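*Asks:*
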Amino acid sequence: MAPGLDRLKHIVVLMMENRSFDHMLGGLTAKNPKIDGIKPGLSNPDTSPAAKPVSPQPLADFQGQLDPDPDHHFPAVDLQIFGGDTSPTRVANMQGFVKSYFNQRRDLKHSQKIMYYFPPEKLPVLTTLATEFAVFNRWFASIPGPTICNRAFAHYGTSFGRVDMNLLYVNEPFKSIYNRLISAHPKHTAKLYYYDTTSSTMEITNLLQYQPELFGTYPQFLEDCRKGALPEYSFVEPNYNDHDTDGGEEIANDQHPDHDVQAGELYIASVYNAIKKSPLWPNTALLIVYDEHGGIYDHVVPPACTTDKFTASANATGTGMPFAFDRLGVRVPAILVSPWISRGTVVDRVFDHASIPATITKFFLGDYSPRSPRETSADIFIEPQAGPVDPARNLLSLDTMRTDCPEFDV
Amino acid sequence: MTLIHVPRPPKSARDPNRPVNALLKAQIQYLQDAELKLPFRQRTNIYVNAIKTEGEAARYIRRVTEAIHQAHEAAARKRKRPVQEGVINIAAAADDGPRKRTSRGTTARKKAKKTSPKTARKKSKPGRKE
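One line per chain: the protein sequences are A and B, in this order.
Going by my numbering, the letters in the first sequence line up with residues 1 to 410, in that order.
Going by my numbering, the letters in the second sequence line up with residues 1001 to 1130, in that order.
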């Protein structure tokens, strides 16, 4: 018996931009030691001859600190994870973040800002949701690389061999999660809500140009929540740029450096509130996750994983070494929200963005192929309704729905 | 239920003149690729390499996104257009074909001539507002 799972009909994923776990949620360890964040003894060497250790400090600011945008392309992330060791026997140690940021401005003092994290009280929305519902200690980006290839894993379960931003899907062998759902028998429903046409969708232009009917805007998402008309699967995108609209001024709320983090907090709160006030609240789970770490410090070494069907060549990675997609990217914040989740749940299992299509597919469609090797081996964060439920894995485990969930004044 | 206050960002946080980041550059590249597949009349005619700020990027992104939707809506309307009984389908296609030429030029040119400002000025009375 799992009443939360039995009632679950809608899954919503909100994917934000470019912040690491330690940077956003690391400060919570002081309140709850089960959350694997900032603790004494963590450091990175600076680039002075003495290689002076730089400790994480709770000095992160909403804007203006991470300029230039910290490098998070494949070679830079390789440096961040391996500390600059390129030998065949190297071991990941998360010691290259300060070195990597120093490379951009050659400013010793400025390079230390990559170690800054937010004190929890500065991020009331994210930290409240993390402590009120389920926070994932081991959710990693899918690739130690930039946005586009990582977001591709959330939609396709693979990046088709790419580790960069140049991803144009043509004749892809693996269908997107949206195509799987809408072409199933019986047909399921799925939608991608981008913020507005001026922000548009980020990396799935291929879907936009061939299947624009899959897309909606954020005001439509709010309306669908209000009317109780959400599709079974929704993917929500933030606003990626500052712009003017017919209705006024819009501020970027994706939290990508150097966009304002508070604007993103408001947006997360707005998505949460819309679902919580919706008649679908008892039937909906919301996953809030970040696409990658954005070059910002995290202390947890990304684990090895199943190789994908593809390999990126040494030329493509820019490191002189090929990449078989056999290691995850840097850890990112991830929170699962539902009124059926116990307060203070901390999940230690390993996930990455391939877990998103893996979970949605398993939950709504059951067995499905073809899927990428990375997706088929990815863990799922919501157990399927069909078959016996393992209570140890089921996060929506409460027998009765919570009535004490918080609300935000947005 | 606890109500949690969420601070608002200051107005100064917004800057449409901020240089485009790598992410927006990639988005522009994808949309440009999509734009090249649009019908000529729906393309933006914006030179993307000259886009330097978020505000400029936003204007381009909006134009292409709207054009993609419009192109699909136009195609859907065309698919739904009813075909009259007894009329062969090819006649419908002729609606969108080139204008028939006459011995004195295209019908479009003739139509333009009829309503040219020069002709209109001659016909209108002096001092009369158009």
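We put the beta carbon where it would ideally sit given N, CA and C, even for glycine.
Bear in mind that the values here come from a model prediction, so they are computed numbers and not experimental data.
Could you check what DSSP says for A/Arg331 in three-state terms: helix, strand or coil?
*Replies:* strand
*Asks:* By alpha-carbon positions, which one of A/Phe74, A/Lys113 and A/Glu132 ends up nearest to A/Gly318?
*Replies:* A/Phe74
*Asks:* Quick one: what's A/Met16 bridged to in DSSP?
*Replies:* A/Tyr290
*Asks:* Excluding the 5 residues preceding and the 5 following A/Gln65 in the sequence, name in chain order all residues of the same chain whose CB lies nearer than 7 Å to its CB.
*Replies:* Cβ within range, chain order: Lys113 and Tyr116.
*Asks:* Could you list the residues in the stretch 1022-1037 of chain B with a C-beta less than 7 Å from some C-beta on chain A, going in chain order?
*Replies:* Ala1022, Leu1023, Leu1024, Ala1026, Gln1027, Tyr1030, Leu1031, Asp1033, Ala1034 and Lys1037
*Asks:* Per DSSP, what kind of secondary structure is A/Ile182 in: helix, strand or coil?
*Replies:* helix
*Asks:* Select from the stretch 259-277 of chain A all residues with a C-beta closer than 7 Å to any C-beta belonging to chain B, and list them in chain order.
*Replies:* Asp260, Gln262, Ala263, Glu265, Leu266 and Ala269
*Asks:* Any residues in the stretch 1063-1075 of chain B with a beta carbon nearer than 7 Å to a beta carbon of chain A? Which ones, in chain order?
*Replies:* Thr1065, Glu1066, Ile1068, His1069 and His1072
*Asks:* Using a Cβ-Cβ distance cut-off of 8 Å, determine whether B/Arg1077 contacts chain A.
*Replies:* no
*Asks:* 8 Å is my cut-off, CB to CB: does B/Val1048 come that close to chain A?
*Replies:* no
*Asks:* Kindly list the residues whose CB is nearer than 7 Å to the CB of B/Val1020, restricted to its own chain and excluding five residues on each side of it in sequence; keep chain order.
*Replies:* Ile1051, Lys1052, Thr1053, Glu1054 and Ala1057
*Asks:* On a Cα-Cα basis, can you pick out the residue from A/Ile296, A/His256 and A/Cys225 that is closest to A/Phe21?
*Replies:* A/Ile296
*Asks:* So does the stretch 141-150 of chain A actually touch the stretch 278-293 of chain A, counting three or more Cβ pairs closer than 8 Å?
*Replies:* Proximity of the stretch 141-150 of chain A to the stretch 278-293 of chain A meets the contact definition, three or more beta-carbon pairs being nearer than 8 Å.
*Asks:* If you pair each beta-carbon of the stretch 135-143 of chain A with each one of the stretch 326-340 of chain A, do three or more pairs fall below 8 Å?
*Replies:* yes
*Asks:* Does any CB atom of chain A fall closer than 8 Å to the CB of B/Arg1008?
*Replies:* yes
*Asks:* Thinking just about the alpha-carbon of each residue, which of A/Ser111, A/Gln63 and A/Arg106 is nearest to the one in A/Pro45?
*Replies:* Out of A/Ser111, A/Gln63 and A/Arg106, A/Ser111 has the C-alpha closest to the C-alpha of A/Pro45.
*Asks:* Measuring only the C-alpha atoms, how far is A/Phe351 from A/Asn394?
*Replies:* 15 Å
*Asks:* Output the distance between the C-alpha atoms of A/Lys187 and A/Arg226, rounded to the nearest integer angstrom.
*Replies:* 23 Å
*Asks:* Tell me, please, which residues DSSP counts as bridged to A/Phe140.
*Replies:* Checking the DSSP bridge columns, you'll see A/Phe140 partnered with A/Arg331 and A/Asp352.
*Asks:* So, are the CB atoms of A/Met165 and B/Ala1022 less than 8 Å apart?
*Replies:* Yes, Cβ-Cβ distance for A/Met165 and B/Ala1022 is below 8 Å.
*Asks:* Closer than 9 Å by beta-carbon distance: list the chain A residues that pair up with B/Ile1004, in chain order.
*Replies:* Pro124, Val125, Thr128, Ala269, Pro406, Glu407, Phe408 and Asp409
*Asks:* Determine which residues share a DSSP beta bridge with A/Asp244 and list them.
*Replies:* A/Glu249
*Asks:* Quick one: grab the DSSP three-state call for A/Thr47.
*Replies:* Coil at A/Thr47, not helix or strand.
*Asks:* Are the stretch 282-289 of chain A and the stretch 52-68 of chain A touching by the rule of at least three beta carbon pairs closer than 8 Å?
*Replies:* Not touching, per the Cβ criterion.
*Asks:* Helix, strand or coil for A/His299, going by three-state DSSP, please let me know.
*Replies:* coil
*Asks:* So the alpha helix (DSSP H) A/Phe97 belongs to, where does it begin and stop?
*Replies:* Phe97 to Arg105
*Asks:* Where DSSP assigns a beta bridge to A/Val236, which residues make up the other side?
*Replies:* A/Leu14 and A/Tyr193
*Asks:* Chain B partners of A/Ser20, CB-CB under 7 Å?
*Replies:* Neighbours of A/Ser20 on chain B: none; closest Cβ ~17 Å, over 7 Å.
*Asks:* Tell me, please, which residues DSSP counts as bridged to A/Ala152.
*Replies:* According to DSSP, A/Ala152 bridges with nothing at all.
*Asks:* Give me the Cα-Cα distance between B/Pro1016 and A/Thr198, rounded to the nearest whole angstrom.
*Replies:* So the alpha carbons of these two residues sit roughly 12 Å apart.
*Asks:* Check whether the Cβ atoms of A/Leu480 and A/His10 lie closer than 8 Å to each other.
*Replies:* Because residue 480 of chain A is not part of the residues shown, which for chain A are 1 to 410, the question remains open.
*Asks:* Look at the alpha carbon of A/Ser159 and the alpha carbon of A/Phe153, and state the distance between them as a whole number of angstroms.
*Replies:* Distance between the alpha carbons of A/Ser159 and A/Phe153: 6 Å.
*Asks:* Contact defined as beta carbons within less than 8 Å: I believe B/Ile1068 pairs with B/Leu1038. What is the distance between those atoms, to the nearest angstrom?
*Replies:* 7 Å
*Asks:* Give me the residue from A/Val330, A/Ile341 and A/Asn179 with the minimum Cα distance to A/Gln211.
*Replies:* A/Asn179
*Asks:* Identify the contact partners of A/Asn103 in chain B, using a Cβ-Cβ distance below 8 Å as the criterion.
*Replies:* Correct list: empty, because the minimum Cβ distance to chain B is about 16 Å.
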